[in-house]
Amino acid sequence: MDALNINIEHALAYVSRAEVDALLPEVVTAKRHLLAGDAAGSDFLGWVDLPESIDPEMLNRLKADVARLADKSRLMVVVGIGGSYLGARMVIEALQSEFASMVRPSAPYIVYAGHTLSEDYYAQLLQLLDREDYSVCVISKSGTTTEPAVAFRIVKAHLEHKYGIAEAASRIVAITDANRGALHDIAANEGYPAYVIPDNVGGRFSVLTPVGLLPIAMAGFDIDRMLQGARDMRRRCLDCDTLDNPALMYAAVRNALYRKGVKVEMLVSCQPNLRYLAEWWKQLYGESEGKEGRGLLPHSLTITTDLHSMGQYVQQGERLMMETFIRVAKPCATVPVPVDERNLDGINYLTCKTLTQINDCAADGTVAAHVEGGVPVLQITVPKVDEYVVGQLIYFFEFACGVSGYTLGVNPFDQPGVEFYKKNMFHLLGKPGF
Ligand code: PA5
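Numbering (this note's numbering), first residue to last: 2 to 435.
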């Protein structure tokens, strides 16, 4: 098996196949709106064709900037929040060693800023930056978001103090709007290399633009393979108008379950390196669908870790959730469970099995238990976790999100609710005009 595959067998006790099939006309209509650009949010559909429309010259320039910066940096600070950071982090955490910060990989290690206002976080970051050679990638589509603006001012001051203004400028790359915003103006004034986030691509759909591509390439991963995965998944999503299309199936099942009263969707995986896939997915679906009093609340679990914290609730708490379980067919490496003749821990019955077989039994046991406990489970299986598969997952979840949002009856491409906290914060901070 070399492609993403979706299995709804363990949801069918809660929604019948006929009920899922009945949604086919709606998801096909939603898909047509995405392709025709004739429904709400149509100004933000640039991501649909992104894997095919990336400018090769821009990619070459990006790779050259990455090579230049990687040559003189042990670290890269990626400054951004929400859609301007979660996609890159999701891919990098999925592909790098869990212990990358300790094992000193051949490529620069990526650290993050601008996603928090914690003073302690920045104090610790600056201590690290005192010690290590670094460069900075600052990302903001609007160029005016407060959190990355504050973080960039702090990091830029540190960089200029450490290297001098001219060298600091050669260590910064900006990714922002082509014409507008404070970050655009700073980059133009200071002469930073800059990359554009297309107007028609919203933040949470921007991982296949320089927003994701530059940090991912800097971390040493093959962005061409990732784009190929996205291209191949795009064909699957565009070419098929039946429920063999995994994006249509996913959108249909989650909407069918929502209409039957399910309120929460948990993205579940047995792989800790996929925890930022869940964070990225939460933003993608939460910001796209959570409006007008509607939408499944996105939540996540890592198994078996969270079975020892959330397992009780999922099994026997209020019945309001479904699970979308990401299964990875093959590990990248094998680790045997050693034989111990004395068997004091009583686990010699496991020594003929690989850890993956044990993990798979935990996953199968969990699915069976949760289904019995009243939780419908979808399973999405991928062959392994590499750049190609991550590219497939990105496009699959994005396309399914557009289809699902239109099927839900909302505009999946705006996020008016995100502004509310900002008004209060600006008022409390005394920003002029608030
Ligand atoms: O998806 C979105 O639009 C948001 O999450 C934004 O990416 C986030 O608010 C950051 O905005 P900006 O890139 O303008 O700094």
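Backbone N, C-alpha and C define an ideal beta-carbon position, used for all residues, glycine too.
As the structure is a computational prediction, the values presented were derived from the model and not from experiment.
Check: Could you check the C-alpha separation between A330 and F435 for me, to the nearest Å?; Outcome: 53 Å
Check: Taking all protein chains shown into account, do 16 or more other C-beta atoms lie within 10 angstroms of the C-beta of E388, making it buried, or fewer, making it exposed?; Outcome: buried
Check: In the DSSP assignment, find the unbroken beta strand (DSSP E) run with V269 in it and report its ends.; Outcome: 265–270
Check: Give the straight-line distance between the Cα atoms of V338 and I348, rounded to the nearest whole angstrom.; Outcome: 9 Å
Check: Among Y15, L5, A183, which residue has its Cα nearest to the Cα of V378?; Outcome: Y15
Check: Once the 5 residues before and after E293 are set aside, which same chain residues still bring their CB inside 7 Å of it?; Outcome: V411
Check: Taking the beta carbon of D346 as the centre, do at least 16 other beta carbons fall within 10 Å, making it buried, or is it exposed?; Outcome: exposed
Check: Can you give me the C-alpha to C-alpha distance between Y259 and P52, rounded to a whole angstrom?; Outcome: 31 Å
Check: Return yes when at least one heavy atom of the ligand PA5 lies under 8 Å from the C-beta of P417, else no.; Outcome: no
Check: How would you label I55, buried or exposed, when you count the other beta carbons within 10 angstroms and need 16 or more for buried?; Outcome: buried
Check: Taking the alpha-carbon positions, what's the C353 to K64 distance?; Outcome: 46 Å
Check: Alpha carbon to alpha carbon, how far is V265 from D39? Give it in angstroms, no decimals.; Outcome: 30 Å
Check: Between G81 and Y123, what straight-line distance do the alpha-carbon atoms span, to the nearest angstrom?; Outcome: 14 Å
Check: Taking the Cβ atom as the reference point for each residue, do G291 and S207 lie within a distance shorter than 9 Å?; Outcome: no
Check: Go through its chain and collect everything with a Cβ distance to M2's Cβ below 8 Å, but skip five positions before and after it.; Outcome: Low confidence applies to M2: its pLDDT is 47, below 50, so where it sits in the model is not reliable enough to give any reading.
Check: Taking three-plus beta-carbon pairs below 8 Å as touching, is the region 195–209 in contact with the region 178–186?; Outcome: yes
Check: Taking DSSP as the reference, what is the three-state secondary structure of Q380?; Outcome: strand
Check: At a threshold of 8 Å, does S207 count as lining the ligand PA5 (C-beta to nearest heavy atom)?; Outcome: yes
Check: What does I176 pair with, by DSSP beta-bridge criteria?; Outcome: I140, Y196
Check: Is S310 close to the ligand MG? I mean its beta-carbon at under 8 Å from any heavy atom of the ligand.; Outcome: Ligands displayed in this structure: the ligand PA5; the ligand MG is not among them.
Check: What is the C-beta distance between A253 and V28, in whole angstroms, given that I count them as a contact (C-beta under 8 Å)?; Outcome: 5 Å
Check: Could you tell me the boundaries of the beta strand (DSSP E) in which T408 lies?; Outcome: Careful: T408 lies outside any beta strand (DSSP E), inside the alpha helix (DSSP H) at 388–409.
Check: When the Cα atoms are used, what is the spatial distance from A4 to C241?; Outcome: 15 Å
Check: I need the straight-line Cα distance from H300 to A170, nearest angstrom please.; Outcome: 40 Å
Check: Which whole-angstrom value is the C-beta distance of V67 and L215, which I expect to be below 8 Å?; Outcome: 7 Å
Check: Would you check whether the ligand PA5 has a heavy atom nearer than 8 Å to the C-beta of T146?; Outcome: yes
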